[in-house]
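Take any residue in the sequence shown, note its place counting from 1, add 11, and you have its number in the working numbering.
Don't be surprised by glycine CBs; every beta carbon is placed ideally from N, CA and C.
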Amino acid sequence: MTFKETLSFRHACKIFDENKKISDSDFLEIMEAARLSPSSLGLQHWEFWLIKNKELKAKLRKACWNQVQLTSCSHLVVVFARIKDLKPGSEYIQDEISRRVDKTSEQHAAYVAKVENFIKSNVGTSDLEIFAWSKAQTFLAVQNMMSMAATLGIDSCPIEGWDDENEVQEILGVDKSDKRVAVIMPFGYRVNEQKSKNRRSLDEILKVIE
12 MTFKETLSFR
22 HACKIFDENK
32 KISDSDFLEI
42 MEAARLSPSS
52 LGLQHWEFWL
62 IKNKELKAKL
72 RKACWNQVQL
82 TSCSHLVVVF
92 ARIKDLKPGS
102 EYIQDEISRR
112 VDKTSEQHAA
122 YVAKVENFIK
132 SNVGTSDLEI
142 FAWSKAQTFL
152 AVQNMMSMAA
162 TLGIDSCPIE
172 GWDDENEVQE
182 ILGVDKSDKR
192 VAVIMPFGYR
202 VNEQKSKNRR
212 SLDEILKVIE
């Protein structure tokens, strides 16, 4: 399958085959695609939870407009956007910088200061500002997850629809000041074939500036 064919194969699958399961090796390939994704400043703004608990899945489904994908899929992944870890002064930022090319203590401190100054000047330090930035980065990982899944013949359906974000956070037992749900990702195998994609032509979306 070419990459273009992969993109054509991918669609927001609404009905999964409950009896068909993704192999462990294929699922790890999907997660590896997420792990290798780009992110602003290379800070890897995401955290992924694989939800296996059926009771938890049922609660999430109820909170997410009763979307059947959450309980019929083979694998359900909750994608979080980090908040607390990306605040200037966090241990997470210190650790991320330390993982990179060896630096002297002075170089390390200077690089940390550069990263934190960028956040203060260009992102902001409120939870809402950090979340907007962090969530945007998670979409890069989610796209790679969906594309990798499609290359393996696996379907997906990104879900952002829920009535009350606080309820979803409470179900998962996560404080919003720590991290917030960005997307919920069901993966599995389609029951029905997908219709041809309806997309605008390149002429309609591409503007060339000479």
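**Identity of the residues DSSP links to S167 by a beta bridge** = Counted from its first residue, the sequence shown places residue 167 at position 156. Its beta-bridge partners are A23, F198.
**Request:** Report the option in T82, C168, A124 whose CA atom is closest to the CA atom of E29.
**Result:** Mapped onto the sequence shown, residue 29 falls at position 18. Measuring from the Cα of E29, the nearest candidate turns out to be T82.
**Request:** Sort K65, L52, I41, A69 by Cα distance to F59 and report the nearest one.
**Result:** Reading the sequence shown from its first residue, position 48 is the one you call residue 59. With distances taken between Cα atoms, F59 lies closest to I41.
**Request:** Give me the Cα-Cα distance between E140 and N177, rounded to the nearest whole angstrom.
**Result:** Translated into the one-based positions of the sequence shown, residue 140 becomes position 129. Translated into the one-based positions of the sequence shown, residue 177 becomes position 166. Whole-angstrom Cα-Cα distance: 18 Å.
**Request:** Can you tell me which of the three DSSP states W173 falls into?
**Result:** By one-based count along the sequence shown, residue 173 stands at place 162. If DSSP states are grouped into helix, strand and coil, W173 belongs with coil.
**Request:** Could you check if T136 is buried or exposed, using at least 16 other CB atoms within 10 Å of its CB as the buried criterion?
**Result:** Counting from 1 along the sequence shown, the entry for residue 136 is found at position 125. T136 comes out exposed.
**Every unbroken alpha helix (DSSP H) within the segment 28 to 107, with a cutoff of 4 residues, ordered by chain** = 35 to 46, 65 to 74, 80 to 83
**Asked** Based on Cα-Cα distance, which residue from K98, W173, C84, F14 lies nearest to C24?
**Response** The residue labelled residue 24 in the question sits at position 13 within the sequence shown. Measuring from the Cα of C24, the nearest candidate turns out to be C84.
**Message:** If I follow the unbroken alpha helix (DSSP H) through S116, where does it start and stop?
**Reply:** Within the sequence shown, numbered from 1, the residue matching residue 116 stands at position 105. Where S116 is concerned, the enclosing alpha helix (DSSP H) starts and stops at 116 to 129.
**Message:** Counting C-beta neighbours from all protein chains within 10 Å, is the total for S167 16 or more, i.e. buried, or is it exposed?
**Reply:** For this step, residue 167 is matched to residue 156 along the sequence shown. Per the 10 Å Cβ criterion, buried.
**Request:** Return the bridge partner residues of R191 from the DSSP annotation.
**Result:** In the sequence shown, the residue the question calls residue 191 occupies position 180. Answer is A92.
**Request:** With DSSP collapsed to three states, give me the class of V153.
**Result:** Along the sequence shown, one-based indexing puts residue 153 at 142. Note: V153 maps to helix in three-state DSSP.
**Item:** Status (buried if at least 16 other CB within 10 Å, exposed otherwise) for R21
**Value:** Mapped onto the sequence shown, residue 21 falls at position 10. Looking at its Cβ environment, which holds 16 or more other Cβ atoms inside 10 Å, R21 is buried.
**Prompt:** Taking the continuous alpha helix (DSSP H) assigned at E2, which residues delimit it?
**Reply:** One cannot answer for residue 2 here, as it falls past the ends of the chain, which runs 12 to 221.
**Request:** Just mark F91 as buried or exposed, buried being the case when its beta carbon has 16 or more other beta carbons within 10 Å.
**Result:** To locate residue 91, count along the sequence shown from 1; it is residue 80. Taking all protein chains in view, the Cβ of F91 is crowded by 16 or more other Cβ atoms within 10 Å, so the residue is classified as buried.
**Asked** Can you tell me where the alpha helix (DSSP H) with I216 in it begins and where it stops?
**Response** The residue given as residue 216 occupies position 205 in the sequence shown. That run of the alpha helix (DSSP H) goes 213 to 216.
**Message:** Within a Cβ cutoff of 7 Å, which residues of the same chain sit near E204, ignoring the five residues on either side of it in sequence?
**Reply:** Translated into the one-based positions of the sequence shown, residue 204 becomes position 193. Cβ within range, chain order: n/a, list empty.
**Item:** Helix, strand or coil at T162 [DSSP, three-state]
**Value:** Taking the first residue of the sequence shown as position 1, residue 162 is located at position 151. Three-state result, T162: helix.
**Given S145 as reference, the closest of N209, L54, A45, A74 once Cα atoms are compared** = Within the sequence shown, numbered from 1, the residue matching residue 145 stands at position 134. Measuring from the Cα of S145, the nearest candidate turns out to be L54.
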